[in-house]
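If you're matching positions, the sequence shown starts at 416 in the working numbering and goes up one per residue.
Don't be surprised by glycine CBs; every beta carbon is placed ideally from N, CA and C.
Reading through the structure tokens given below for one structure.
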Amino acid sequence: MTAARAGAAGHPPVDAARRFGGVARLYGNDALAVLARTHACVIGVGGVGSWTAEALARSGVGRLTLIDLDHVSESNVNRQVHALGSTLGAAKVEVMRRRIADISPGCEVRVVDDFVTAENVEELVPTDALVVDAIDAPRAKAALVACLRRRRQPIVVCGGAGGRTDPLRLRRDDLSRTRGDALLAAVRARLRRDHGFPRDAGKRFRVEAIYSDEHLGPAAREAACEEGARGGAPLNCAGYGSLVTVTAAMGLAAASWAINRALAGERPHRDGDRGARALRP
């Protein structure tokens, strides 16, 4: 990483050594150089994924691919880092690209204005990236996991953050062993039914997941929200309420996974035999 880079128009040159010096003091200059060469892909740039992308940029990751077709809506403001009065209606990936350019001008950001589906996953997801799955659709999540498992490509799967209020109830474990998360349960069922993943509950998928084991209260189960528009058509989403302290914590935990993977140079299945881990200090 060079000591200085030209800043964006109207901004002074960037002193990268100073800007990311906190990371270097934690891990060392060699590790910071590794992060500068790292490619991470965040799929779903919403309440969880927007915080992941921001954290990776602020940690000196040099290449990011952001995939999402959504646009910023007013109902996103309570939990998504890019959602501001000035960004309403804009494509989430474009807002994040501009934001990251202001945080880390040397970061190469590729944006894909599309949703990952079972039909396009092979084409859209880069093969050389650490992948964070922050999608909220079970079919797409299952197709993504199956694709990357075949590739032996590192991925962490984020569970549902809606309806939860306690960020200290986040856990990390093999996807086969998560509990209390309906989204991940649906993903497991699809992986077993459609993609040949082991049906034996004792066999691990060798895919890591971050999830909350907090039980949903009655208020969360009854909540619904208007989520804005996709592709110009209104989308009415019956769903849980949400709190930034949980969605951001999950996104930051996913970013931490990517940073640690990059620095360790490991595949996710190598530590898949560990039990559930609380994401507490």
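query: For residue 670 and residue 467, which I take to be in contact (beta-carbon distance under 8 angstroms), what is that distance rounded to the nearest angstrom?; result: 5 angstroms
query: Could you tell me whether the Cβ atoms of residue 609 and residue 574 are closer together than 8 angstroms?; result: no
query: What does DSSP give as the partner residues of residue 562 in its beta bridges?; result: Note: residue 562 sits in no beta bridge, so no partner.
query: Enumerate in chain order the residues of its own chain whose CB-to-CB distance from residue 495 is below 7 angstroms, with the five nearest sequence positions on each side excluded.; result: 461, 462, 465
query: Spell out the partners DSSP gives residue 598 in its beta bridges.; result: Bridge partners of residue 598: none, in fact.
query: So, at 8 angstroms on beta carbons, what are the nonlocal neighbours of residue 433 in its own chain, with the 5 sequence-adjacent residues on each side left out?; result: none
query: At 3 residues or longer, and completely inside the segment 438-500: list those beta strand (DSSP E) runs for me, N to C.; result: 454-458, 478-482
query: Quick check: what's the CA-CA separation for residue 607 versus residue 619?; result: 12 angstroms
query: Under the assumption that residue 481 contacts residue 524 (Cβ atoms under 8 angstroms), give the Cβ distance between them as a whole number of angstroms.; result: 7 angstroms
query: Using the rule of at least 16 other Cβ atoms within 10 Å of the residue's Cβ for burial, across every protein chain shown, is residue 498 buried or exposed?; result: buried
query: Alpha carbon to alpha carbon, what distance is there between residue 658 and residue 667?; result: 14 angstroms
query: Nearest CA to the CA of residue 510: which residue from 483, 538, 456?; result: 483
query: If you draw a straight line from the alpha carbon of residue 385 to that of residue 505, how long is it in whole angstroms?; result: With the chain running from 416 to 696 in the structure shown, residue 385 is simply not present.
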